[in-house]
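Working notes for the structure below.
Residue numbers (the numbering used here), protein chains in the order written: chain A, 1 to 505; chain B, 1 to 962.
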């Protein structure tokens, strides 16, 4: 009997209320439990990756109701990968938050654990109504985290974030209803089986549902034209929360990959690959718009947010081809861009805190504490964000360029990706030069009220070494990702594991 | 491993150097010197194998699936470049030790320098093209840092960014080009690519690959039209200039062209692109150099011109031209590095680099002057110096290009020769004439070891110039053989080849150059010119700045038009997406047999009319009358509940009703603390606003209609097989309850319920956390306006007094009595939930209403004095209970949330079904109660806090959400 699959959801679901209940007034205890939980999640993610490594797809029937009637959790290489990424990020960001952010409002650690529960659930579930539920969990928890610490801009941006995403949730429900009305199931694997048999007269309804669902995922993934919420949200959220959010856009990307390869893949007959034609142009525009935003930004947080939008564009360009090679590249880029963006947000937080009165604005300010070190890590993170060698962004970009080579639009994609990189390079060079170099020419120094916390620097270092790890071990990592991509494009294994499985005790 | 250490050691050295203290000049220099000497020894030890024509390889697996391995490959060409990079690197380190002032933070300098050295070695030693691109970009990055070393200076920052942008752009092109090349060949391995020349040249994508790779190489080597960055990069410290911008980094571009010569050259496209860029560069660079006033500026343009010369030779592409190109790469590195160092010494000693001020330096700096004059002569191509040899080879190649008829190439070559003699004279002129008196500092000869690198390099110029065959011959031979392989030509390195055309050209250039300089100096007043004649209009740097400015302002413009930080446009876009739905559905309904229409019930229709009116009116009032809007929306909710009831869904109706009640009351309580909204005086609506509102209206209506169409399509759609039959069949037999909805919630899909209850709890915790920081608007802290009149008993009583002894006494007694009754009702609904409408969720809401009423009646203070409300406990207990119930299944080796129904017979009560789902439902109940109460408490405590607000917490005002 194998209960590992439920634990990444169950553990934070239990730890969160316990922290809210017994450790509300004891920050030290809350930190210990929260960190222990995150570390345990990391261990769990490693175990699950080990389980999924050999290509088996494992399912877990909740309530022991056979699929498609009950809810089922499914572990394959892709979900294991996403869990691992989330867990790594969770531990690092938590370490950073313990440096002081968690004290600035109520219930930080509870909300943090709920957030992890939501993300893990979204990656594990094999039921698309349940996916909706986890979208809600992660949305509400992220809203709570985002307004943690408060402040006028933060709350204002939070309202926008939550309203846009609630509208997205409503659309999600409508889409689920539509799909259910046609195929009569909520199970993704079952949907994959039934889509091919949908009578021609019903296809229009199904397509409508599928495309509305794509819209919802696009909102999560910050794809043009529904990307507007992201810059305000990420730039105004507390630094560590923004760093954790780096994996939230990936939930959207994951859902797109899962849904449109499993249910609307080769087996879907006339409806096969219906997401691609919509996704590709949107992703290309997203990429360019994001990088243009990098160039136009007047504050570091805003710039990093736009870079995230650009990286989502890059990622989804590769996804939208729906070929194993491009998918593998996309997954590599996904890992990289999450770590890079998270490190960038943490660094920007460190910088803004020290520039009292200037914050993250890209303008000249007097010197501040640890300026040299921060300049150095900013430089590294910028290298990662813009996809320059030697960090993993370069390999990610290379793999994507290589992976889209045979596409119809290959030239356009190449041109857009390279142009996007150039814009990002120019933007980051300008910002770094102004904030770190030009500021040197000013007299005086800023006094910061906050003491430097070693943990914050450790967290930044861990994330950056993550990108180094991805570079050095690019071979093994891509080998795993190639197998993951192959598994993604062999949905029969998934379907068999879910539907052909009767619980035996 | 030895090979690997060649690249690895400089990077490690770079890290160590960065960690040393800021004033450790000597330690830094020893470290950097040690690293370079180590490299030199290793590289030199490879010579026997290299000289024997072997190619040394060292493979490390990296990305095998993509055909990307980390390959170090040393052939003759790479070896010569390695030696060049390391030897000049060593001299630069030595020089820099004395050049850098004690106030400069040297760890950064040596760290960057070593990192650059490692990157450069990586470029020349790469046996894999992608790996070459990696190191290529690394040289761009490290040179960016080196140029901006004095980053408090604006020119350094500007120059660094310019150089970086241009070379990084080229790097991106190169990356694309390499990918195309890899696609053509099927491998990135250098050996394979070099062997596949014919296949590459015949391929459709040849031109694409060539152009992209050429863009990479030409930007790096500062070739026209990208040459403008190099003069601006002179803002770097002089050791950097002499290393990067004469000997190594700019040579990376021509190195790449030489490296890929076997694979790409031999076509007209190659000659035109590479040669064309080279010729333009060679003339422009040489001409512009004459008119510089800055010593380093002159040297920079001269470097551009010499690189152009090398590029032309590569463009010509004949084996002999390649020999000349490689030879000139070496020669140029020697004399240009020494000249830069000499310029640095002059700058260091006199405090200025302005040639209009500098003169007569040979009096104060005799040794430096001699060295610089010899190196300058080498630059001009004076016989018996190394520059002469390669320049003559260039002349003879130039003659061959047009054969007998076309002399343009030869003319260009001679013109370049004339210009270079002229600028060399301009450079040398600073040593002659009367000693300058207005120098910022009084010059002295520099320290012994600062001059040493210059001496060594000048000596090399001389030796190579006099006895080339013995000195440089074997080394050049190694590189040439590695590049040209079988097509290596016979060539003769000697200062004297007899009287021939190239010699004549050299003489013309020398004599013409002297004359040209004298004419310029005496007739055109060289010192007074502030810009280069003729070509000043083609200012690349200006164009670059303009492009950058346009790009940034364009980006800002684009973002202003395409971006928004306001909510309304975002929602507009999402609703517009809905408008596409009917299009997708076009033609659908006709394909279905419509289900028989049932008779219209006028009463039901009326109910819906009321609901619609409520909804529209609610939207109408939302802007200025929140209370009215909220009540109207509540009305819509009730209508929805009635509809559920009408359509025989009592469970849904009950839940809807309770949810509607609780949310409306909670929002009402929240409204109390919002500032009043001042109604706008709408005298006259501007037409813009009118249009805007009409558009919104139209979109809203259309979006609504689209949703209606969608619903209609679903409703007339014949029922398909769904999983719901399963639930209907198994609810009682396996779920142990006859209320399918409840069994669905607590058993079939209890995991969803768990998730949703979690959502509720998170909402409550968030509301609580947010409201802890919330401070009501000052205008809403006092007694509400409605109670403000002194006749109103509420105006001078606390809520508790009103309820206990005031005008609310009767109501108070009834409502308090309600508490136990509602409690019993909650228990009742909870207990029957599994079989009849009810359940934990509804029961929780009912119980919460009971508490809520008490708060509304007597105020937070009184209630909390009499009743210990512990919402956190309820909430956490509920969640933990729900989870642990699910976990209980593990004890029986079933998956999480599996239920079990116990059938027990109790005396008095008889047969009982006790499903474990019941306990789960209890958890739901507790969590719902906790959630509602937590939100209630958070809101109610505002009243406790609001009264002490104005005096203490006014400064907190800015934190208030708007």
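Don't be surprised by glycine CBs; every beta carbon is placed ideally from N, CA and C. Because the structure is a prediction, the values reported are computed rather than measured.
* Would you say the segment 45 to 60 of chain A touches the segment 80 to 89 of chain A, given that touching needs at least three Cβ pairs under 8 Å? -> yes
* Contact set between residue 873 (chain B) and chain A, taken where Cβ atoms lie within less than 9 Å -> 21
* To do: State the CB to CB distance for the pair residue 449 (chain B) and residue 94 (chain B), rounded to an integer number of angstroms; the pair is presumed to be in contact (CB under 8 Å).
  => 6 Å
* Can you have a look at residue 198 (chain B) and say buried or exposed, based on whether 16 or more other CB atoms are within 10 angstroms of its CB? => exposed
* Runs of beta strand (DSSP E) lying entirely within the segment 286 to 331 of chain A, each at least 3 residues, in chain order -> none
* **For residue 882 (chain B), the nearest candidate out of B:920, B:205 and B:911 (CA to CA)** => B:920
* Within-9 Å CB hit, residue 556 (chain B) to chain A -> yes
* To do: Report yes if the CB atom of residue 710 (chain B) is closer than 9 Å to the CB atom of residue 208 (chain A), and no otherwise.
  => yes
* Pairwise C-alpha distance: residue 126 (chain A) and residue 93 (chain A) -> 28 Å
* Apart from the five residues on each side of it in sequence, which residues of its chain come closer than 6 Å, Cβ to Cβ, to residue 445 (chain A)? -> 366 and 367
* Asked: Taking Cβ positions, are residue 850 (chain B) and residue 800 (chain B) nearer each other than 9 Å?
  -> no
* Asked: Shortest alpha-carbon distance to residue 251 (chain B) belongs to which of B:228, B:219 and B:269?
  -> B:219
* If you pair each beta-carbon of the segment 143 to 157 of chain A with each one of the segment 169 to 183 of chain A, do three or more pairs fall below 8 Å? -> no
* Could you name the residues of the same chain whose beta carbon sits closer than 7 Å to that of residue 384 (chain B), not counting the 5 residues immediately before and after it, in chain order? => 465, 466 and 495
* To do: With distances taken Cα to Cα, identify the nearest neighbour of residue 655 (chain B) among B:669, B:35, B:764 and B:839.
  => B:839
* Do the segment 48 to 68 of chain A and the segment 97 to 106 of chain A meet, that is, are 3 or more Cβ pairs less than 8 Å apart? -> no
* Cβ pair count under 8 Å reaching 3, the segment 210 to 218 of chain B against the segment 248 to 267 of chain B -> yes
* To do: Please classify residue 623 (chain B): is it buried, with 16 or more other beta-carbons within 10 angstroms of its beta-carbon, or exposed?
  => exposed
* Might you give, ordered along the chain, the residues of its own chain that have their beta carbon closer than 6 Å to the beta carbon of residue 329 (chain A), omitting 5 neighbours on each side? => 318, 399, 400 and 403
* Excluding five sequence neighbours on each side, which residues of the same chain lie with their C-beta closer than 6 Å to the C-beta of residue 57 (chain A)? -> 76, 493, 494 and 497
* Would you mind giving the Cβ-Cβ distance between residue 331 (chain B) and residue 387 (chain B), rounded to the nearest angstrom? I have them listed as a contact below 8 Å. => 6 Å
* To do: Please list, in chain order, all residues of the same chain as residue 474 (chain A) whose beta carbon is under 6 Å from its beta carbon, the five residues on each side excluded.
  => 395
* Asked: Which term fits residue 223 (chain B), buried or exposed, when burial requires 16 or more other beta carbons within 10 angstroms of its beta carbon?
  -> buried
* Going along the chain, which residues of the segment 134 to 164 of chain B sit with their C-beta nearer than 7 Å to a C-beta in chain A? -> 134, 137, 138, 141, 148, 151, 152, 157, 161 and 164
* To do: Give the DSSP-derived three-state secondary structure of residue 506 (chain B) in the structure shown.
  => helix
* Asked: Is any beta-carbon of chain A found at less than 9 Å from that of residue 890 (chain B)?
  -> yes
* Put residue 361 (chain A) into one of helix, strand or coil per three-state DSSP. => strand
* Asked: In the structure shown, what three-state DSSP assignment does residue 261 (chain B) receive?
  -> helix
* To do: Return the Cβ separation of residue 377 (chain A) and residue 285 (chain A) in integer angstroms, given the expectation that the two are a contact with Cβ distance under 8 Å.
  => About 32 Å separates the two Cβ atoms, so there is no contact after all.
* Asked: Is there contact here, the segment 112 to 123 of chain A with the segment 23 to 43 of chain A, by at least three beta-carbon pairs under 8 Å?
  -> yes
* Rounded distance between the beta-carbons of residue 290 (chain B) and residue 419 (chain B), thought under 8 Å -> 6 Å
* To do: Determine the extent of the alpha helix (DSSP H) in which residue 68 (chain B) is found, giving its start and end residues.
  => Note, residue 68 (chain B): premise wrong, no alpha helix (DSSP H); beta strand (DSSP E) at 68 to 74.
* Looking at the structure shown, is residue 57 (chain B) part of a helix, part of a strand, or coil, going by DSSP? -> strand
* Going by Cα to Cα distance, which pick from A:305, A:121, A:190 and A:370 is closest to residue 756 (chain B)? -> A:121
* To do: Sort A:363, A:308, A:349 and A:198 by Cα distance to residue 341 (chain A) and report the nearest one.
  => A:308
* Could you name the residues of chain A that residue 759 (chain B) contacts, counting a contact when the two beta carbons are closer than 7 Å? => 136, 137 and 140
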